[in-house]
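Below is one structure, written out as structure tokens, with a few remarks after it.
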Amino acid sequence: MRLTAPILLSPADLDTVTPDIASIRHSSLTTTRLGQLRYGAVPHAEARAWLESSTRAELESELTRYPRIVDSLGGRDGLGGGRVMTTSMEHLVVRDLDLESLSPGSPSEGVSVDVVDAAAAAGRVVAFTEFMYHPPPPLPGQEPSSCAETQIDHPFPAPPPPPPSVHRSLHEHWDQTVEAALSAWFGGMHCFEVRGLGTLAPSHLRKGIASTLLAWLLPRADRMGIPVVLAATPIGYPFYLRHGFVEVDGGSRRCHIECDMASWGGSGVHRHVLMIRRPKQKQPETGIV
Numbered sequence: 001m002r003l004t005a006p007i008l009l010s011p012a013d014l015d016t017v018t019p020d021i022a023s024i025r026h027s028s029l030t031t032t033r034l035g036q037l038r039y040g041a042v043p044h045a046e047a048r049a050w051l052e053s054s055t056r057a058e059l060e061s062e063l064t065r066y067p068r069i070v071d072s073l074g075g076r077d078g079l080g081g082g083r084v085m086t087t088s089m090e091h092l093v094v095r096d097l098d099l100e101s102l103s104p105g106s107p108s109e110g111v112s113v114d115v116v117d118a119a120a121a122a123g124r125v126v127a128f129t130e131f132m133y134h135p136p137p138p139l140p141g142q143e144p145s146s147c148a149e150t151q152i153d154h155p156f157p158a159p160p161p162p163p164p165s166v167h168r169s170l171h172e173h174w175d176q177t178v179e180a181a182l183s184a185w186f187g188g189m190h191c192f193e194v195r196g197l198g199t200l201a202p203s204h205l206r207k208g209i210a211s212t213l214l215a216w217l218l219p220r221a222d223r224m225g226i227p228v229v230l231a232a233t234p235i236g237y238p239f240y241l242r243h244g245f246v247e248v249d250g251g252s253r254r255c256h257i258e259c260d261m262a263s264w265g266g267s268g269v270h271r272h273v274l275m276i277r278r279p280k281q282k283q284p285e286t287g288i289v
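See below:
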């Protein structure tokens with residue numbers, strides 16, 4: 001196992017990373033009871049094809065619409081001057097040079113043979129993450145920023161619908177519930193958000209790879225004096241605790257996102273936990289805890 005340092009993605013990387021990232025997502029699709037209830041009936045090949053299509057649509061939209069954190073915040077340290085009012089994102093991956101990429105063996109339309117060969121030589125993506133920077137609320141009299149799209153007129157592909165065998169109502173309900181909770185708790189906060197963090201299971205779990213990706217963000221948050229927020233899965237919860245995250249102190253408000261699976265034909269309760277990591281060197285400019 002020969003792992004690279006975190007690699008920052010650009011739109012030019014879309015074709016070479018999409019199959020690998022889809023494979024990572026597929027490897028953990030049914031590792032929880034909620035995942036089994038949502039996706040357990042989907043045939044393997046059908047799930048794989050859907051994940052690759054949806055991963056490509058998501059990456060193409062995000063890599064094109066949002067400025068990169070390293071650009072909008074000033075240099076590779078993400079520490080520009082002034083009050084940055086632009087929502088931005090950064091996508092990072094780690095490759096294993098001992099594995100061959102899952103990118104197609106022949107180039108797709110618009111992709112040269114050299115690009116495909118380079119992807120294979122560069123190894124396989126075995127971990128990925130998506131970080132988002134949320135700017136501070138506008139000052140009095142200041143115009144609020146837009147959604148920071150860099151190409152508003154660009155025609156982004158619509159995400160493909162889930163396969164018929166997906167528990168679609170539960171799939172939509174849970175995704176909407178998580179997003180609503182994140183918005184209700186952290187909307188308007190000046191912060192970084194961990195939008196996603198995945199490692200190829202089971203071969204590359206517990207190898208320190210996820211920690212390496214998270215370590216790209218945390219020092220930047222500390223130097224800027226802003227918190228990092230997320231909704232932790234049951235598997236991710238102890239990992240984030242080890243990296244200084246704590247449960248949001250909501251007082252009488254619930255800081256857990258729960259799904260009673262009995263209401264959807266299953267059993268048990270699935271829970272995500274809203275968590276926050278405060279900066280080590282400065283206090284957050286805004287916060288809820």
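With the first letter of the sequence shown counted as 1, position 251 gets the number 251 in full-length UniProt numbering; the numbers rise by one all the way through. All C-beta atoms, glycine included, are put in the ideal place defined by N, C-alpha and C.
Ignore the nearest five residues each way along the sequence and tell me which others in residue i's own chain have a CB closer than 7 Å to its CB.
i, result
"Glu-52", "Thr-18, Pro-19, Ala-22"
"Arg-33", "Met-261, Gly-266, Gly-268, His-270"
"Leu-102", "Pro-19, Asp-20, Ser-23, Arg-124"
"Ala-232", "Tyr-240, His-272, Val-273, Met-275"
"Gly-198", "Ile-24, Arg-25, Ser-28, Ala-127, Phe-128"
"Tyr-39", "Leu-29, Thr-30, Ala-47, Val-166"
Which residues in the same chain have their Cβ closer than 8 Å to the Cβ of residue i, if we skip the five residues on either side of it in sequence?
i, result
"Pro-160", "Trp-50, Ser-53, Ser-54, Ala-57"
"Glu-46", "Pro-163, Ser-165"
"Arg-177", "Sequence inspection shows Thr at residue 177; the Arg mentioned does not correspond to that position. Excluding positions up to five away in sequence, the list reads Ile-257, Cys-259."
"Ala-158", "Ala-57"
"Glu-62", "Met-89, His-91, Glu-130"
Locate the alpha helix (DSSP H) running through residue i, then write down its first and last residues.
i, result
"Leu-218", "209-224"
"Asp-20", "14-27"
"Leu-241", "237-242"
"Leu-170", "168-186"
Grouping DSSP H, G and I as helix and E and B as strand, with all else coil, what is residue i?
i, result
"Ser-203", "coil"
"Val-94", "strand"
"Met-89", "strand"
"residue 290", "What the structure shows of the chain is the stretch from 1 to 289, and residue 290 is not part of that stretch, so it cannot be assessed."
"Met-1", "coil"
"Leu-59", "helix"
"Leu-230", "strand"
"Leu-51", "helix"
"His-44", "helix"
"Val-70", "helix"
Give me, in chain order, the residues of the same chain whose beta-carbon lies closer than 6 Å to that of residue i; leave out the 5 immediate sequence neighbours on both sides.
i, result
"Leu-230", "Val-194, Met-275"
"Ile-7", "Val-93"
"Gly-188", "Pro-137"
"Asp-13", "none"
"His-201", "Note that residue 201 corresponds to Ala in the displayed sequence, not to His. Ser-27, Ser-28."
"Ser-10", "none"
On the DSSP letters alone, give me the boundaries of the beta strand (DSSP E) that residue i sits inside.
i, result
"Tyr-66", "It is not in any beta strand (DSSP E) - Tyr-66 carries neither H nor E in the DSSP assignment."
"Leu-34", "Premise fails: Leu-34 lies in the alpha helix (DSSP H), 33-39, not in any beta strand (DSSP E)."
"Cys-259", "256-260"
"Val-269", "269-277"
Figure out for me which residue from the options has the closest Cα to the Cα of residue i.
i, options, result
"Ala-122", "Leu-205, Thr-4, Leu-63", "Thr-4"
"Pro-138", "Met-224, His-190, Phe-156", "His-190"
"Ser-183", "Arg-242, Ile-257, Ile-24", "Ile-257"
"Trp-264", "Arg-223, Arg-68, Leu-170", "Leu-170"
"Ile-235", "Thr-16, Ser-28, Pro-11", "Ser-28"
"Thr-64", "His-204, Phe-156, Leu-205", "Phe-156"
Compute the minimum distance between the beta carbon of residue i and the heavy atoms of the ligand ADP, and state whether it is under 7 Å.
i, result
"Leu-274", "The ligand ADP is not part of the structure shown, which contains no ligands of any sort."
State yes or no: is the beta carbon of residue i nearer than 8 Å to at least one beta carbon in chain C?
i, result
"Leu-97", "Note that chain C does not occur in the displayed structure, where there is just one protein chain."
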